[in-house]
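Asker: Going down the list, the sequences are from chains X and A. Just so it is clear: in the first sequence, position 213 is 213 by our numbering, and no numbers are missing. With the second sequence counted from 1, adding 232 to any position gets you our numbering. Ideal Cβ positions, reconstructed from N, Cα and C, are used throughout, including at glycine. Would you mind keeping the following structure in view while I ask a few things?
There are 2 protein chains.
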Amino acid sequence: MAAIAPDKKLDFPPTERTRVKRLHERGHYDRETVHAILDAGLICHVSYVIDGQPYATPTSYWREGDMLYWHGSSASRMLENVATGIPVCVTVTHLDGLVLARSGFHSSINYRAVMALGVARLVSDETAKLNTLRAFVERLTPGRWAELRPVTARELKATTVVGMPLKEVSAKVRTGPPKDDAEDYALDVWAGVLPLRQVAAPAIPDPKLKAGVALPRYLQDYALDRYARAKG
Amino acid sequence: MAAIAPDKKLDFPPTERTRVKRLHERGHYDRETVHAILDAGLICHVSYVIDGQPYATPTSYWREGDMLYWHGSSASRMLENVATGIPVCVTVTHLDGLVLARSGFHSSINYRAVMALGVARLVSDETAKLNTLRAFVERLTPGRWAELRPVTARELKATTVVGMPLKEVSAKVRTGPPKDDAEDYALDVWAGVLPLRQVAAPAIPDPKLKAGVALPRYLQDYALDRYARAKG
């Protein structure tokens, strides 16, 4: 059994299911790393099983404390199933770069990923539901909630929100240059990292935008991960 | 049962499991759309079940014809399980933008996603394995395979490659501006799309790069989706 380095914080105690076994130095179980990866993203993949068939459905998510939330139409098959309390896996992955080694074998990917196992529950209390939807909007676009037309009772009813406690969770991170075989460093092969990142282009106004409505401050020079960076 | 628009090509005939039920206008089942989405990406989420628990594991992938491939260490738990022929779901998702409507309810995400259900098989023939690994490298970095130190027999043995036929597949795509309630267009709320995309930063040479090795042409002005665009 591969050891976990003694200097690693274990806020989320690894289980047989979440412990990173191969390349265990890439595994992290501390709250700070897990939260930072979650807060830098917008889309997760929710995995669940119906009639023995697994599905991985992409959906937006947000975090509050040690709770992970996602939402959608009350008619969503994914939410309908997940809300019954079946086991789910939520994975968030950031692609950070191509790692170009001198051999194909040692070529790799730089990434940050979090995998959370558990069971999600309906957020059925209407106030709690509204509050967490506000947290979602404010996370992405701070200040926008107050500008929006208020949510109606019918809309709130048509929206399903589920929340999953972060308990059985691990992060996996690869950073840095390639690690080649010692004798390969002498080869005339370019090696290094091609960094990749998700960026925002300038906002495109709705063709039907009312004249005179200015681009809000929170959409200027938008960086998807700036909130994570501001926190950490 | 929601109808599929009669103008939609059904190269991958939708099943009860892949037909896009809600917002069915977002569903696509034609080869061109499915291939273009797959070819624009690098990371998929492979979903599979062990002891009733679903997992969604991020991994790199590539496509050749109507086959989807992914690979890794022969010690990988995901590959070890998937190669036994258990049902899997492979999802590829591109986040294309935030759709900012005048209400929270109509706010959305622009995205392109492919979900493929099926069973993967080991690529056990050594020549076939080597050929498809070359296709993977050449897809991302055309011309690099010939520059790399050749794969050794030991490395080939330590690498597991699995392939899954694209059969039960659907794509789901949202594009364009928000769709607001008619009366909301009069509101003084900014609405539109904030486009997001994955871009490459300038390549970072390995600190141990041999002096005099120039940056290859295929890494200059790198665009992750340029091969998809060149094809389509």
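Take the Cβ of Thr-18 (chain X) as the centre, count every other Cβ of all protein chains shown within 10 Å, and call the residue buried at 16 or more, exposed below.
Answerer: Buried is the call here.
Asker: Is the shortest distance between the beta-carbon of Phe-12 (chain X) and the beta-carbons of chain A less than 7 Å?
Answerer: no
Asker: So, does the stretch 44-54 of chain X touch the stretch 86-96 of chain X, judging by three or more C-beta pairs under 8 Å?
Answerer: yes
Asker: For His-260 (chain A), write down the residues that DSSP places opposite it in a beta bridge.
Answerer: Note: His-260 (chain A) is bridge-paired with A:Ala-403 in the DSSP secondary-structure output.
Asker: Would Lys-463 (chain A) count as contacting chain X if we go by Cβ distances under 7 Å?
Answerer: Residue placement at Lys-463 (chain A) cannot be trusted, given a pLDDT of 41 that sits under 50; what the coordinates show is reported in the next sentence. Not an interface residue.
Asker: Once DSSP output is grouped into helix, strand and coil, what is the label at Arg-149 (chain X)?
Answerer: strand
Asker: Going by the CB atoms, is the gap between Val-314 (chain A) and Ala-352 (chain A) shorter than 7 Å?
Answerer: yes
Asker: Under a CB-based cut-off of 7 Å, is Leu-196 (chain X) close to chain A?
Answerer: Yes - at least one Cβ of chain A is within 7 Å of the one on Leu-196 (chain X).
Asker: Assuming Ala-40 (chain X) contacts His-94 (chain X) (C-beta within less than 8 Å), just tell me the rounded distance between them.
Answerer: Approximately 6 Å separates the beta-carbon atoms of Ala-40 (chain X) and His-94 (chain X); this is inside 8 Å, confirming the contact.
Asker: Anything in chain X within Cβ reach of Trp-294 (chain A), meaning under 8 Å, just list it in chain order.
Answerer: Within 8 Å Cβ-Cβ: nothing; Trp-294 (chain A) doesn't reach chain X, min ~13 Å.
Asker: Name the chain X residues whose beta carbon is nearer than 7 Å to that of Gly-336 (chain A)?
Answerer: Leu-133, Val-137, Leu-148 and Val-151
Asker: From what residue to what residue does the beta strand (DSSP E) around Arg-166 (chain X) run?
Answerer: Looking at the sequence provided, one finds Leu at residue 166 (chain X) rather than Arg. No beta strand (DSSP E) contains Leu-166 (chain X), which DSSP labels as neither H nor E.
Asker: Looking at C-alpha atoms only, which residue of X:Pro-165, X:Thr-160 and X:Leu-133 is the closest neighbour of Pro-150 (chain X)?
Answerer: X:Leu-133
Asker: Reducing DSSP to helix, strand and coil, say where Gly-464 (chain A) ends up.
Answerer: Here the model assigns Gly-464 (chain A) a pLDDT of 33, short of 50, so the residue's position is not dependable and the matter cannot be decided.
Asker: Could you give the DSSP three-state label for Thr-127 (chain X): helix, strand or coil?
Answerer: If DSSP states are grouped into helix, strand and coil, Thr-127 (chain X) belongs with the helices.
Asker: Hey, quick one: how far does the beta strand (DSSP E) through Arg-102 (chain X) stretch, first residue to last?
Answerer: Segment: none, Arg-102 (chain X) is in no beta strand (DSSP E) and carries neither H nor E.
Asker: For chain A, is any of its Cβ atoms less than 7 Å away from the one on Lys-208 (chain X)?
Answerer: Interface criterion met: the Cβ of Lys-208 (chain X) is under 7 Å from a Cβ in chain A.
Asker: Taking only beta-carbon atoms, is Pro-536 (chain A) less than 7 Å away from chain X?
Answerer: With chain A represented from 233 up to 464, any question about residue 536 (chain A) goes unanswered, as that position is not in the structure.
Asker: On the DSSP letters alone, give me the boundaries of the beta strand (DSSP E) that Arg-429 (chain A) sits inside.
Answerer: 424-432
Asker: Could you check whether the Cβ of Ala-211 (chain X) sits closer than 7 Å to any Cβ belonging to chain A?
Answerer: no
Asker: Closer than 7 Å, CB to CB, is Tyr-218 (chain X) near chain A or not?
Answerer: no
Asker: Given that Glu-387 (chain A) touches chain X, what residues does it touch there, using C-beta distances under 7 Å?
Answerer: Phe-105, listed in chain order.
Asker: Asp-216 (chain A) versus chain X: which residues are under 8 Å apart at the beta carbon?
Answerer: The requested residue 216 (chain A) is not part of the displayed model; chain A covers only 233 to 464.
Asker: Using only CA atoms, which one of A:Leu-456, A:Leu-380, A:Val-425 and A:Ser-356 lies nearest to Thr-392 (chain A)?
Answerer: A:Ser-356
Asker: Quick check on this structure: which residue in X:Tyr-69, X:Pro-58, X:Glu-126 and X:Pro-14 has the alpha carbon closest to the alpha carbon of Arg-158 (chain X)?
Answerer: It is worth fixing the name first, because residue 158 (chain X) is Ala in this sequence and not Arg. For Ala-158 (chain X), the nearest C-alpha among the options comes from X:Glu-126.
Asker: Could you check the C-alpha separation between Pro-410 (chain A) and Lys-210 (chain X) for me, to the nearest Å?
Answerer: 13 Å
Asker: By the criterion of Cβ-Cβ separation under 7 Å, what are the contact partners of Asp-184 (chain X) in chain A?
Answerer: Arg-381
Asker: Just the C-alpha distance for Ala-378 (chain A) and Glu-387 (chain A), rounded to the nearest angstrom, thanks.
Answerer: 17 Å
Asker: If contact means a Cβ-Cβ distance below 9 Å, which residues of the stretch 347-362 of chain A contact chain X?
Answerer: Those residues of the stretch 347-362 of chain A placed with their C-beta closer than 9 Å to a C-beta in chain X are Met-347 and Leu-349, ordered along the chain.
Asker: With a threshold of 7 Å between beta-carbons, can Asp-271 (chain A) be considered close to chain X, or not?
Answerer: no
Asker: With a 10 Å radius around its C-beta and 16 neighbouring C-beta atoms as the bar for buried, classify Lys-440 (chain A) as buried or exposed.
Answerer: exposed
Asker: On the CB-based measure, 16 or more other CB atoms within 10 Å of its CB, does Asn-342 (chain A) come out buried or exposed?
Answerer: buried
Asker: Any C-beta of chain X sitting closer than 7 Å to the C-beta of Thr-325 (chain A)?
Answerer: yes
Asker: What is the residue span of the alpha helix (DSSP H) that Glu-312 (chain A) lies within?
Answerer: 309-314
Asker: Would you mind telling me which residues of chain A sit closer than 7 Å to Val-17 (chain X), beta carbon to beta carbon, in chain order?
Answerer: Residue identity differs from the one stated: residue 17 (chain X) is Arg in this sequence, not Val. Simply Gln-285.
Asker: For Asp-416 (chain A), which of helix, strand or coil comes out of DSSP?
Answerer: helix
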